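Quick notes on the structure that follows.
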Amino acid sequence: EAQVTQNPRYLITVTGKKLTVTCSQNMNHEYMSWYRQDPGLGLRQIYYSMNVEVTDKGDVPEGYKVSRKEKRNFPLILESPSPNQTSLYFCASSHGTGEETQYFGPGTRLLVL
Amino acid sequence: GENVEQHPSTLSVQEGDSAVIKCTYSDSASNYFPWYKQELGKGPQLIIDIRSNVGEKKDQRIAVTLNKTAKHFSLHITETQPEDSAVYFCAANPGYSSASKIIFGSGTRLSIRP
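So the sequences go chain by chain: S and P.
Positions in the first sequence are counted from 1; adding 508 to them yields my numbering.
Positions in the second sequence are counted from 1; adding 205 to them yields my numbering.
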């Protein structure tokens with residue numbers, strides 16, 4: 509089944525404790541992206557990647573890191589989480605650029621205390 | 206940069222009636238406008254999209270219209286059904302200068318009253 513998977517689905521952590529949210533797709537997509545969803549703000553892009561070893565900032569990259577060492581994986585790293593990073597996070601992938609259908613993962617709900 | 210505004214933020218319609226959600230964008234170079242539906246506890250899913258060389262597109266009960274001059278586009282759902290209840294997001298791709306970015310609206314929570 510073609511899909512985007514994210515782990516963990518739910519995470520509670522404390523300020524400053526490094527964490528990684530994994531994202532994997534099995535559709536051989538070149539493009540992958542991370543979004544955060546907050547009430548009243550919609551989906552805001554954090555980082556995206558056009559292909560292996562190619563990443564770029566979205567609209568809200570501060571406090572986040574990403575890497576794209578393999579085509580299928582695109583982990584999101586929070587080196588020192590803060591409470592304002594409490595949010596619902598989505599990974600997405602698509603063929604080519606952002607002008608194609610994006611397939612979203614199920615989401616990761618993060619609470620930073 | 207591109208800015209996408211979406212209205213209304215909440216919408217309640219009687220089952221069988223039509224629902225309309227409107228979005229405006231700021232970057233005239235934007236050329237791709239998808240609409241996503243997000244059901245409770247799930248990730249968004251594309252339901253329809255339109256490109257800047259087309260004024261209208263239909264898919265069964267769903268249609269999208271685009272007015273490039275006014276820089277706005279709308280989602281129309283006819284004969285609404287309970288399963289249409291969800292959050293809907295419009296989005297715009299800022300065009301050649303940032304082809305890989307996509308800017309989403311703030312979302313519309315649609316409720317269908319039985």
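In this text, a Cβ means the ideal position worked out from N, Cα and C, and glycines have one as well.
These numbers were taken from a predicted model, which means no experiment stands behind them.
Note down, in chain order, every chain S residue with its Cβ under 8 Å from the Cβ of residue i.
{"i": "Ser316 of chain P", "result": "Going along chain S, no residue has its Cβ under 8 Å from Ser316 of chain P, so there is no contact; the nearest lies around 16 Å."}
{"i": "Ser311 of chain P", "result": "Gly548, Leu549, Gly550"}
{"i": "Lys227 of chain P", "result": "Near Lys227 of chain P there are no residues of chain S at all, since even the closest Cβ is about 15 Å away, more than 8 Å."}
Give a yes or no on whether 8 Å exceeds the smallest Cβ distance from residue i to chain P.
{"i": "Leu527 of chain S", "result": "no"}
{"i": "Thr513 of chain S", "result": "no"}
{"i": "Ile520 of chain S", "result": "no"}
{"i": "Leu551 of chain S", "result": "yes"}
{"i": "Gly571 of chain S", "result": "no"}
{"i": "Phe582 of chain S", "result": "no"}
{"i": "Gly566 of chain S", "result": "yes"}
Quick check: is the beta carbon of residue i nearer than 8 Å to any beta carbon in chain S?
{"i": "Pro319 of chain P", "result": "no"}
{"i": "Lys263 of chain P", "result": "no"}
{"i": "Ile267 of chain P", "result": "no"}
{"i": "Ile282 of chain P", "result": "no"}
{"i": "Lys159 of chain P", "result": "No answer is possible for residue 159 of chain P: the residues shown for chain P start at 206 and end at 319."}
Can you name, in chain order, every residue of its own chain whose Cβ lies under 7 Å from the Cβ of residue i, other than the five neighbours on each side?
{"i": "Gly604 of chain S", "result": "Glu538, Tyr539"}
{"i": "Ile253 of chain P", "result": "Trp240, Lys262, Asp264, Ile267, Val269"}
{"i": "Pro569 of chain S", "result": "Ile554, Tyr555"}
{"i": "Ala510 of chain S", "result": "Asn534, Met535"}
With a threshold of 16 other CB atoms inside 10 Å of the CB of residue i, please say whether the residue is buried or exposed.
{"i": "Asp222 of chain P", "result": "exposed"}
{"i": "Arg318 of chain P", "result": "exposed"}
{"i": "Leu280 of chain P", "result": "buried"}
{"i": "Thr285 of chain P", "result": "buried"}
{"i": "Ser233 of chain P", "result": "exposed"}
{"i": "Tyr611 of chain S", "result": "buried"}
{"i": "Asn298 of chain P", "result": "buried"}
{"i": "Thr215 of chain P", "result": "exposed"}
{"i": "Lys306 of chain P", "result": "buried"}
Anything in chain P within Cβ reach of residue i, meaning under 7 Å, just list it in chain order.
{"i": "Pro623 of chain S", "result": "With chain S covering only 509 through 621, there is no way to say anything about residue 623 of chain S."}
{"i": "Gln593 of chain S", "result": "The contacting residues do not exist; Gln593 of chain S stays about 19 Å from chain P at best."}
Taking the C-alpha atoms as reference points, what is the distance between residue i and residue j?
{"i": "Gln545 of chain S", "j": "Asn258 of chain P", "result": "30 Å"}
{"i": "Ser601 of chain S", "j": "Arg580 of chain S", "result": "9 Å"}
{"i": "Ser302 of chain P", "j": "Asp289 of chain P", "result": "At Ser302 of chain P the pLDDT is 48, less than 50, meaning the model places this residue with poor confidence and gives no usable figure here."}
{"i": "Ser532 of chain S", "j": "Gln514 of chain S", "result": "7 Å"}
{"i": "Ile255 of chain P", "j": "Leu596 of chain S", "result": "27 Å"}
{"i": "Thr528 of chain S", "j": "Asn272 of chain P", "result": "42 Å"}
{"i": "Pro614 of chain S", "j": "Val560 of chain S", "result": "23 Å"}
Note down, in chain order, every chain S residue with its Cβ under 7 Å from the Cβ of residue i.
{"i": "Phe294 of chain P", "result": "Gly550, Leu551"}
Run down chain P in chain order and give the residues with a C-beta less than 8 Å from the C-beta of residue i.
{"i": "Thr609 of chain S", "result": "Pro239, Leu251, Asp254"}
Within a Cβ cutoff of 6 Å, which residues of the same chain sit near residue i, ignoring the five residues on either side of it in sequence?
{"i": "Lys242 of chain P", "result": "Gln250, Ile252, Ala291, Tyr293"}
{"i": "Tyr230 of chain P", "result": "Val209, Lys276, Ala297"}
{"i": "Gly524 of chain S", "result": "Ser588"}
To which residues of the same chain is residue i closer than 8 Å at the C-beta, ignoring the five residues directly before and after it?
{"i": "Gly310 of chain P", "result": "Val209, Glu210, Gln211, Cys228, Phe294, Cys295, Ala296"}
{"i": "Val218 of chain P", "result": "Ala224, Thr285, Leu315, Ser316, Ile317, Arg318"}
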